[in-house]
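Residue numbers (my numbering): 2 to 150.
Note that CB positions come from ideal geometry on N, CA and C, so glycine has one too.
Quick caveat: nothing in here was measured; it's all calculated off a predicted structure.
A short write-up of the structure that comes next.
Okay, structure coming up:
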């Protein structure tokens, strides 16, 4: 059975938008906020986009924001990725699925896939538009000069 709830996201004030709940690995959010191009916050819990990847083998890497950006180009691209992810999430009813895996950072963020109403996965959309890249372990993306190992 699928139920629809409405979430509140802080975009410009408060905006209502629905999230689909699915049996099994579905994630329910009363509050959903886009943190950056590869991280959302669901009810206060940061979650990392997996982009249909395989936990700990592949995923999505978006540019860093603020002081973590290494150049103006990375900062600009990070803001565009964040804005695009917000736009995608507001364009219908997304379905958030928890992979069951947690990242290896101190916060142990759940690794999730976000499916848009048309069936596309949000991280895959960002990668196809050049706003994110494929993540691999032990490989960092240098948004200022290209990929590095």
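- If you keep only unbroken alpha helix (DSSP H) runs of at least 4 residues inside the stretch 56 to 136, you get 73 to 91 and 123 to 129.
- Following the DSSP letters along the chain, one finds residue 50 inside the beta strand (DSSP E) bounded by residues 46 to 50.
- For the pair residue 76 and residue 37, the Cα-to-Cα distance works out to about 11 Å.
- According to the DSSP assignment, residue 43 belongs to the beta strand (DSSP E) that extends over 40 to 43.
- Within 10 angstroms of the beta-carbon of residue 28 lie 16 or more other beta-carbons, which makes it buried.
- Residue 70 places its beta carbon less than 9 Å from that of residue 144.
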